[in-house]
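Novice:
2 protein chains.
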Amino acid sequence: MTAYNAPIQDMRFTLNHVVGLSQVAGLPGYDVVTPDLVDQVLDEAGKLARDVLAPLNWVGDQNGSKLENGVVTTAPGFRDAYWKYAEGGWNAVPFDPDFGGQGLPWTLALPIQEMWTSANMSFSLCPMLNQGAVELLQAHGSEQQKKLYLEKLISGEWTGTMNLTEPQAGSDVGAVRTKAVPNEDGTWLITGQKIFITYGEHDFTDNIIHLVLARTPTAPAGVKGISLFVVPKFMVNEDGSLGARNDLRCAGLEHKMGIHASPTAVMAYGDNGGAVGFLVGEENRGIEYMFTMMNNARLGVGLQGMAIAERAYQQAVDYAKGRVQSRALTGKDPAPVAIIKHPDVRRMLMCMKSQIEAARALVYLTASALDNAHRNPDADAAKAANALNDLLTPITKAWCTDLGVELTSLGVQIHGGMGFIEETGAAQHYRDARIAPIYEGTNGIQANDLAFRKVLRDGGQAAFALIAEMRATATAIAAQSGDDMATMGANLSDAIDAVETATKWVVETGKADMTAVASGAVSYLRMFGVTIGGYLTAKAMMAANGLMREPGADAKFLDAKIITGRFYADQILPQARGLLTVVTQGHRAVMGLSDDQF
Amino acid sequence: MTAYNAPIQDMRFTLNHVVGLSQVAGLPGYDVVTPDLVDQVLDEAGKLARDVLAPLNWVGDQNGSKLENGVVTTAPGFRDAYWKYAEGGWNAVPFDPDFGGQGLPWTLALPIQEMWTSANMSFSLCPMLNQGAVELLQAHGSEQQKKLYLEKLISGEWTGTMNLTEPQAGSDVGAVRTKAVPNEDGTWLITGQKIFITYGEHDFTDNIIHLVLARTPTAPAGVKGISLFVVPKFMVNEDGSLGARNDLRCAGLEHKMGIHASPTAVMAYGDNGGAVGFLVGEENRGIEYMFTMMNNARLGVGLQGMAIAERAYQQAVDYAKGRVQSRALTGKDPAPVAIIKHPDVRRMLMCMKSQIEAARALVYLTASALDNAHRNPDADAAKAANALNDLLTPITKAWCTDLGVELTSLGVQIHGGMGFIEETGAAQHYRDARIAPIYEGTNGIQANDLAFRKVLRDGGQAAFALIAEMRATATAIAAQSGDDMATMGANLSDAIDAVETATKWVVETGKADMTAVASGAVSYLRMFGVTIGGYLTAKAMMAANGLMREPGADAKFLDAKIITGRFYADQILPQARGLLTVVTQGHRAVMGLSDDQF
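So the protein sequences, as listed, match chains W and E. Per full-length UniProt numbering, residue 1 is the first one in the first sequence, and the count goes up by one each step. Per full-length UniProt numbering, residue 1 is the first one in the second sequence, and the count goes up by one each step.
Right, here's the structure in full:
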């Protein structure tokens, strides 16, 4: 319906000049990441996204995936697209080369994932969930399990799924009831129902490898009694060939507001006695293992918010340039103009553009922290990167996905009445984006994770380290010449002051009054996100300022970075200060009503 | 799917103690509005909304209206519901008793309209558009036109529609191209295509009376060359019986993101030579006449945002009380609790409740200003009320409809994963609510209307009068005892200061730099809305405080008003101060990029 062109110049600028891809490329094992390779990979991925995935986005929305007699048929064109994607080697990007992976850093894998998501969010969910399964098996699978499954999950010959949720176990994964009973041969019989299983059944591949959380007979109650099992749709023989169909089936597909092409399955295990499962690692450590992939999955969902906003932005720009309506606000000419000339339309586009760029930088920064946490040979640096990644992950997940909803809503608004008409396509982005603040831990859960686990637990150490880093940037940009730089310096500094005050309040208050902190946690996360976005935007402005002086510089592109940054300073950063009193003073009435006063 | 119970106690409290229904009831011609009548009317409307309209809301969403061979079939049950509504006399509530209307004030009509909208927004659009047609004919129709059409439009035997938009004429209604050519007999032949015509075709009634904007052959260009015509679907004989089918047809229904049951028609006039139309009033005065009903229509759309949020709130409360998930944040009990016990869920519910109540008060206040503008025998008071209504209308339309989107989004979020599943029903409210910031003048247009026409044009006079009124309330509540009152007083005062500063800036800047004002207009409207909401909330708190001391007071209800007000003071009012710099400083980069830098 609508075109998508990967914003490769923006991506490359952010990677090279804001986040520091070259530093990541210097980590052990990443020497393959040369500038040439980066260019080539981004260009090729961009073509697949533009030519194959993006044109199917609307088709997928309108047709959805369909279930008939236990068989799921994906939307027209999706299976072919999947094989173009898999045969191009794209499924293997970030994984272990020992099993066919390309071993590229997350800092490069995320921009690629961004393209799939912008082009076709429903499609992108299949690789994303598969990634979780691969990471779990890479980290915790036995040699036998790796041998049987990993290579094919990495090549894309099969796909993997994550089976956590049950009707009574959503945010509270400790409430899982699915049972695993041991057989004499070391396998287990799995019985139970799982819901909200993304690509739990589909027609892309011959086999699907389900990773399933279940309780063994001797398990203790709660999260410490949950084990992880591999449960293949078809049993896999020693030689890798497929054996009998396992006792599991797709019992239903959800009828969702968005991401229609992504089959969200109800999975029934063990209708006929039990599905055969294989324990991963040790009993009762399933939740612990899950956390291996959780940060990464949350980063991936944060990326979705930004990526879908980018798609909506491209469409809104296109419409605003083409739609002619009403005369210009100023001047004498009565002829109608393209609506991009109207200040409020322009403001909406700038809101989208400036926050998408900030969110993109945050996603890539979080990815670079992940790479450093895993690979930095300096133990202190790796530890600091790990702490930074832990801190940034809930912020990236929640801030970027809230932005996904807000910015796709602006995308609708820019279209006026046409935005509400489904054929325009703007509404799809808005509907698709709405899931991201919910799944992979609601944004309320992210906010509590930030406040309690990432800030309170270490006494604010990681947060204050980032604040110091941000403050250095604010000082540096304030020292540069020009009103734009000075304004960013001042507004960023003010936002940082607000975050610092809020962080101190969280650290001081959290132990005595958890309810107060929890009441303000969402606003605290928001002000932190807005401020980090400002910090990264300031870095982009300074980089653009420097690059402008180089011969052959793309002045128009670099100039846009500075103007866009100024807009962020003027219009977005003030949110942080505005939220400070909400965080620190806003809790008094939150719990004041009795239930029956609602 | 989900129940709706009209919040009659809240409505009555707001009418009696915040907005002053008794003052309105004292206006000439409204002496029928006794407390008994009000009670009876609200109760009866509440029953129809709960028992007839609300159960059809989900049915309407899933079935939509369907077009086949030019005939539109509305969703199952809608036609019957329409007749229950019309036969109950509800269609006649605010209209001229000379033509069968009940002559009730808008201050009472709006709460009733709120119930229809909360119960079934798609249904409510039919009476709402009909209301526009009735108002136009009441004010500008000839005696003959009134005689032929008004009585039946008021009784509901027929319905009326508003035909403004064409593909090239959306926000810019001056670009209308539909033609009207005079016949010798004084009638006109209408040819052209209209789009986005709400209930342009349906099966509720035997006839549909279209009010159509068109250009006559001698018309000047632009908005000053547009005339208004009555174009009935079936010609009406002198005796009121139906004659021949007119040359107009429904050429298509839009496929929309929400309000599926409301048929949004493409209307083709004059495929076979021209539809017969009758000029309303004088040639070239169509746009001027439109403004007769525009304020009221915008108020009605503002109401939609609040009403749909109320429906979403009721559903979210119900879910939050019933859904058990995770242990309480504090205490030792490991048993899971209803999610309403979790602070962040509570925060979301309070965000909904506090802002819905503020928005409701604003809608009713705007209605009372309308009644006073029309009926207050004191010319100065009527003039002041008219100015207040003019000032409040764009704020009510835009702030309440933005809240409609934001609060229905919170409603989805409270449901977690279930919120994204269509059968839950929360998603429908979110989809339905999204149109309200767009139609009847986009919220960007409302913001410009506020800044340029309602504030700049009179040098801020009406705005400063309201600011003075609000300041008196801030002073009064600050003088009452208790921390809740003091906090509201302080935070309201701070918000008023911010609005006053912004208003001065608009007045000072607007003439020299329209672009600067237009760039900040949406934020200016927002801070004004938030502050008026605080002012009305403060009035509610003081009223509750006073009523609490009366014998037989409902302490639980009144106490909730104070706690909810405190929440508004803590969490919502700080937005106003936060937006001040965005309004006054935020414009510098808005127009900075050239088109090709997007």
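Yeah, the Cβ is synthetic: ideal placement off N, Cα and C, and Gly gets one too.
Give every residue of the same chain whose Cβ lies closer than 7 angstroms to the Cβ of residue 577(E), excluding the five residues on either side of it in the sequence, and list them in chain order.
Specialist: Stepping through the second sequence from its first residue, residue 577(E) is reached at position 577. So the list reads 494, 495, 498, once near-sequence residues are dropped.
Novice: Looking at residue 428(E) and residue 258(E), is the spacing between their C-beta atoms short of 8 angstroms?
Specialist: Position 258 of the second sequence, counted from the first residue, corresponds to residue 258(E). Position 428 of the second sequence, counted from the first residue, corresponds to residue 428(E). The answer is yes: Cβ separation under 8 angstroms.
Novice: Output, in sequence order along the chain, the residues in the stretch 575-595 of chain E whose CB is closer than 8 angstroms to any CB in chain W.
Specialist: Within the stretch 575-595 of chain E, the qualifying residues are 575, 577, 578, 579, 581, 582, 585, 586, 587, 588, 589, 590, 591, 592, 593, 594, 595.
Novice: On the CB-based measure, 16 or more other CB atoms within 10 Å of its CB, does residue 571(W) come out buried or exposed?
Specialist: As a first step, residue 571(W) must be located in the first sequence, where it is residue number 571. Classification for residue 571(W): buried.
Novice: Indicate whether the contact test is met: 3 or more Cβ pairs, each with one atom in the stretch 11-24 of chain W and one in the stretch 63-73 of chain W, closer than 8 angstroms.
Specialist: Contact between the stretch 11-24 of chain W and the stretch 63-73 of chain W is absent, because fewer than three Cβ pairs lie under 8 angstroms.
Novice: Within the chosen definition, does the stretch 415-433 of chain W reach the stretch 551-567 of chain W through at least 3 CB pairs nearer than 8 angstroms?
Specialist: They do not touch, by the three-pair rule.
Novice: Exposed or buried, residue 37(E), counting other C-beta atoms within 10 Å across all chains shown (16 or more means buried)?
Specialist: Counting from one through the second sequence, the residue named residue 37(E) turns up at place 37. Answer is exposed; the Cβ neighbour count stays below 16.
Novice: Can you tell me which of 11(E), 19(E), 28(E) puts its alpha carbon nearest to the alpha carbon of residue 377(E)?
Specialist: As a first step, residue 377(E) must be located in the second sequence, where it is residue number 377. For the residues 11(E), 19(E), 28(E), the minimum Cα distance to residue 377(E) belongs to 28(E).
Novice: For the alpha helix (DSSP H) that contains residue 299(E), what are its first and last residues?
Specialist: Here residue 299(E) corresponds to residue number 299 of the second sequence, with the count starting at 1. Segment 286-322, the alpha helix (DSSP H) holding residue 299(E).
Novice: By the DSSP assignment, the alpha helix (DSSP H) with residue 399(E) in it spans what residues?
Specialist: Residue numbering aside, residue 399(E) sits at position 399 when the second sequence is read from its first letter. First-last of the alpha helix (DSSP H) with residue 399(E): 379-414.
Novice: In angstroms, rounded to a whole number, what distance separates the CA positions of residue 11(W) and residue 598(E)?
Specialist: Position 11 of the first sequence, counting from 1, holds the residue named residue 11(W). Position 598 of the second sequence, counting from 1, holds the residue named residue 598(E). Near 15 angstroms, if we compare the C-alpha coordinates of residue 598(E) and residue 11(W).
Novice: Please state whether DSSP places residue 542(W) in a helix, a strand or coil.
Specialist: Stepping through the first sequence from its first residue, residue 542(W) is reached at position 542. Correct three-state label for residue 542(W): helix.
Novice: Quick one: what does DSSP say residue 169(W) is sitting in, helix, strand or coil?
Specialist: The count along the first sequence starts at 1 and reaches residue 169(W) at position 169. Here residue 169(W) sits in strand by DSSP.
Novice: Cα separation between residue 448(E) and residue 522(E)?
Specialist: Stepping through the second sequence from its first residue, residue 448(E) is reached at position 448. Stepping through the second sequence from its first residue, residue 522(E) is reached at position 522. Distance between the alpha carbons of residue 448(E) and residue 522(E) is about 8 angstroms.
Novice: Pick from 416(W), 96(W), 538(W): whose alpha carbon is nearest that of residue 469(W)?
Specialist: Walking along the first sequence from the start, residue 469(W) turns up at place 469. For the residues 416(W), 96(W), 538(W), the minimum Cα distance to residue 469(W) belongs to 538(W).
Novice: Would residue 399(W) be called buried (16 or more neighbouring beta carbons within 10 Å of its own) or exposed?
Specialist: In the first sequence, the residue the question calls residue 399(W) occupies position 399. That one is buried.
Novice: Could you tell me whether any Cβ in chain W is nearer than 8 angstroms to the Cβ of residue 175(E)?
Specialist: Indexing the second sequence from 1 puts residue 175(E) at position 175. At least one chain W Cβ lies under 8 angstroms of residue 175(E).
Novice: In chain order, which continuous runs of the beta strand (DSSP E) of length 3 or greater are located wholly inside the UniProt domain "Acyl-CoA oxidase/dehydrogenase middle" (162-265) of chain W?
Specialist: The UniProt domain "Acyl-CoA oxidase/dehydrogenase middle" (162-265) of chain W contains these whole beta strand (DSSP E) runs: 179-182, 188-198, 208-214, 227-232, 234-236, 242-245, 248-253.
Novice: If you follow the beta strand (DSSP E) that residue 367(E) is part of, which residue opens it and which one closes it?
Specialist: The count along the second sequence starts at 1 and reaches residue 367(E) at position 367. First-last for residue 367(E): 343-375, but that is the alpha helix (DSSP H), not the beta strand (DSSP E).
Novice: Can you list the residues of chain E that residue 336(W) reaches, using a CB-CB cut of under 8 angstroms?
Specialist: Within the first sequence, the letter at position 336 stands for residue 336(W). In chain order: 172, 175.
Novice: Look up residue 66(W) in the DSSP assignment and give the residues it is bridged to.
Specialist: Here residue 66(W) corresponds to residue number 66 of the first sequence, with the count starting at 1. For residue 66(W), which the question treats as bridged, DSSP gives the partners 73(W).
Novice: Find out if the Cβ-Cβ distance for the pair residue 532(W), residue 450(W) is shorter than 8 angstroms.
Specialist: Walking along the first sequence from the start, residue 532(W) turns up at place 532. Walking along the first sequence from the start, residue 450(W) turns up at place 450. Not a contact, by the Cβ cut-off of 8 angstroms.
Novice: Taking only runs of the alpha helix (DSSP H) that begin and end inside the stretch 55-134 of chain E, which ones reach a length of at least 4 residues, in chain order?
Specialist: Runs found: 57-63, 78-87, 106-119.
Novice: For residue 133(E), which residues of its own chain have a beta-carbon under 7 angstroms away from its beta-carbon, when the five flanking residues on both sides are left out?
Specialist: Your numbering for residue 133(E) matches position 133 in the second sequence. 153, 160, 161, 162, 209, 211.
Novice: Whole-angstrom Cβ separation of residue 110(W) and residue 364(W), contact assumed at under 8 angstroms?
Specialist: Taking the first residue of the first sequence as position 1, residue 110(W) is located at position 110. Taking the first residue of the first sequence as position 1, residue 364(W) is located at position 364. With a Cβ gap of about 6 angstroms, residue 110(W) and residue 364(W) count as contacting.
Novice: Out of 589(W), 309(W), 555(W), state which residue places its alpha-carbon closest to the alpha-carbon of residue 594(E).
Specialist: One-based indexing of the second sequence puts residue 594(E) at position 594. Here the closest residue by C-alpha is 555(W).
Novice: Residues in its own chain within less than 8 angstroms of residue 382(W) by CB, not counting five upstream and five downstream?
Specialist: Counting from one through the first sequence, the residue named residue 382(W) turns up at place 382. Here the set comprises 372, 373, 374, 375, 376.
Novice: Using a cut-off of 7 angstroms between C-beta atoms, extract the partners of residue 321(W) located in chain E.
Specialist: Working through the first sequence from its first residue, we reach residue 321(W) at position 321. Per Cβ cutoff of 7 angstroms: 595.
Novice: Assuming residue 206(W) and residue 79(W) are in contact, meaning their beta carbons sit under 8 angstroms apart, how far apart are those beta carbons, in whole angstroms?
Specialist: Here the question's residue 206(W) lines up with position 206 in the first sequence. Here the question's residue 79(W) lines up with position 79 in the first sequence. Wrong, their Cβ atoms sit about 12 angstroms apart, outside the cutoff.
Novice: Under 8 angstroms between C-beta atoms, does residue 570(W) make it to chain E?
Specialist: As a working mapping, residue 570(W) is identified with position 570 in the first sequence. Answer yes: the Cβ-Cβ gap between residue 570(W) and chain E drops below 8 angstroms somewhere.
Novice: Can you name the residues of chain E whose CB is closer than 8 angstroms to the CB of residue 437(W)?
Specialist: Numbered from 1 along the first sequence, position 437 holds the residue referred to as residue 437(W). Chain E residues near residue 437(W): 413.
Novice: For the alpha helix (DSSP H) that residue 277(E) lies in, which residues bound it at each end?
Specialist: Taking the first residue of the second sequence as 1, we reach residue 277(E) at position 277. Where residue 277(E) is concerned, there is no enclosing alpha helix (DSSP H), although the beta strand (DSSP E) it sits in stretches over 275-279.
Novice: Thinking just about the alpha-carbon of each residue, which of 358(E), 119(E), 596(E) is nearest to the one in residue 61(E)?
Specialist: Locating residue 61(E) in the second sequence gives position 61, counting from the first residue. Ranking 358(E), 119(E), 596(E) by Cα distance to residue 61(E) puts 119(E) first.
Novice: Taking 7 angstroms as the limit between beta carbons, can you name the residues of its chain near residue 566(W), skipping five residues before and five after?
Specialist: What you label residue 566(W) is simply residue 566 of the first sequence in a count that begins at 1. Hits under 7 angstroms: 484, 487, 488.
Novice: Is residue 166(W) closer than 8 angstroms to residue 200(W) when the C-beta atoms are compared?
Specialist: On the first sequence, residue 200(W) is found 200 positions in, with the first residue counted as 1. On the first sequence, residue 166(W) is found 166 positions in, with the first residue counted as 1. Taking 8 angstroms as the Cβ cut-off, residue 200(W) and residue 166(W) do not qualify as a contacting pair.
Novice: In whole angstroms, give me the CA-to-CA distance for residue 48(E) and residue 348(E).
Specialist: What you label residue 48(E) is simply residue 48 of the second sequence in a count that begins at 1. What you label residue 348(E) is simply residue 348 of the second sequence in a count that begins at 1. Cα-Cα distance, rounded: 29 angstroms.
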